[in-house]
Amino acid sequence: MVSSNVVYDFSGKVVLVTGAASGIGQGTAYMFAKSGARLVVTDRDETNLQETAKKCEEMSKQKTLAIVGDLTVQSDLENLINKTMETFKQLDVLVNNAGDLIMGTCLQTSTEDFDKMMNINIRSVFQLTKMAIPHLKKTKGNVINVSTLGSSRPQIGFSAYCISKAGLDQFTRAAAIELGADQVRVNCVNPSIIATDKCSSSSDPSVKAAMERSKMTHALGRAGTVDEVAEAILFLASGAASYITGASIPIDGGRSAMIPV
């Protein structure tokens, strides 16, 4: 595990993390919990979400609110915001991490799959952020969206996914300039290949090949870690990034600087 010695203090802050049952969302929730934040975590996977919440409470010694829901369902979004405010009365940081990936070229991707990608990767983020804005204005809080390097450097076979994430990057910039006068910052992180538990334990030959290939396609010679993405998210959410908004930060081990291999 690669980790820095930077310590952030989010005591008194309320942080909402979507897609928190695994991967980047789970790792980000843990890191916020260690930094003293009060957490709201949400996901469709109830079993793993409860495990995330339990560990967050152990780390923070504070109540963690776990809400099972589907972010493509409007009533679930409303329930998420309403329960957050009923429980904590405030919202300081929104981490829009939940997303999905359906592989396929333009010719292979069905309209149904295209719509699924748009609904979870951009529409749900737009809707949830819109509902959170009145509360973020009160706290002069901020939003961090989890995008991908593929939003600006698409790969063959990921058409709808990359298109949806490009929309997320543009939403980040649009929201940032609209909310700047209210001192609400909006940024996104753009990871490349990240060695999540799911990837590391996968028996899928294509996943194993991608992890191995990352040694050549990244300047640092390896895939990234969940903690490396989480630390970037905490930085953007902290006062250390008080003059950063509308930014898309590549967390890619130098991949975007290299000629494709």
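For the sequence shown, the positions run 1173 to 1433 when this note's numbering is used. No residue lacks a Cβ here, since even glycine has one placed at the ideal position from N, Cα and C.
query: Are the CB atoms of residue 1301 and residue 1357 within a distance shorter than 8 Å?; result: no
query: Do residue 1308 and residue 1263 have their C-beta atoms within less than 8 Å of each other?; result: yes
query: Can you have a look at residue 1363 and say buried or exposed, based on whether 16 or more other CB atoms are within 10 angstroms of its CB?; result: buried
query: Suppose the cutoff is 8 Å on Cβ atoms and the five residues either side in sequence are ignored; what does the same chain contact list for residue 1430 look like?; result: 1389, 1390, 1391
query: To the nearest angstrom, how far is it from the Cα of residue 1460 to the Cα of residue 1318?; result: No statement about residue 1460 is possible, as the shown extent of the chain runs from 1173 to 1433 and does not include it.
query: Which residue's Cα is closest to the Cα of residue 1427: 1243, 1279, 1252, 1322?; result: 1322
query: Would you decide whether residue 1351 is buried or exposed? Buried here means 16 or more other CB atoms lie within 10 Å of its CB.; result: buried
query: Between the C-alpha atoms of residue 1303 and residue 1251, what's the straight-line distance to the nearest angstrom?; result: 11 Å
query: By DSSP, does residue 1367 sit in helix, in strand, or in coil?; result: coil
query: Can you check the segment 1244-1284 for any beta strand (DSSP E) of at least 3 residues that lies completely inside it and give the ranges in chain order?; result: 1265-1268
query: Could you name the residues of the same chain whose beta carbon sits closer than 8 Å to that of residue 1181, not counting the 5 residues immediately before and after it, in chain order?; result: 1207, 1208
query: In the DSSP assignment, what are the bridge partners of residue 1392?; result: Looking at the DSSP assignment, residue 1392 forms no beta bridge with any residue, so it has no partner.
query: So, for residue 1424: in the same chain, excluding its five sequence neighbours on each side, which residues have a beta-carbon less than 8 Å away from its beta-carbon?; result: 1321, 1362, 1363, 1364, 1390, 1396
query: Could you tell me if residue 1274 is buried or exposed, where buried requires 16 or more neighbouring beta carbons within 10 angstroms of its beta carbon?; result: buried
query: If distances are taken between C-alpha atoms only, which option among 1197, 1217, 1231 comes closest to residue 1210?; result: 1231
query: Using three-state DSSP, classify residue 1422 as helix, strand or coil.; result: strand
query: Taking only three categories from DSSP, how would you classify residue 1182?; result: coil
query: According to the neighbour-count rule (16 or more other Cβ atoms, all chains shown, within 10 Å of its Cβ), is residue 1254 buried or exposed?; result: exposed
query: Just verifying my parser: in three-state terms, what is the DSSP assignment at residue 1242?; result: coil
query: Are three or more beta carbon pairs between the segment 1283-1298 and the segment 1232-1240 nearer than 8 Å?; result: no
query: In whole angstroms, what separates the C-alpha of residue 1420 from that of residue 1383?; result: 24 Å
query: Just list the residues that DSSP pairs residue 1217 with in beta bridges.; result: In DSSP, residue 1217 forms no bridge with anything.
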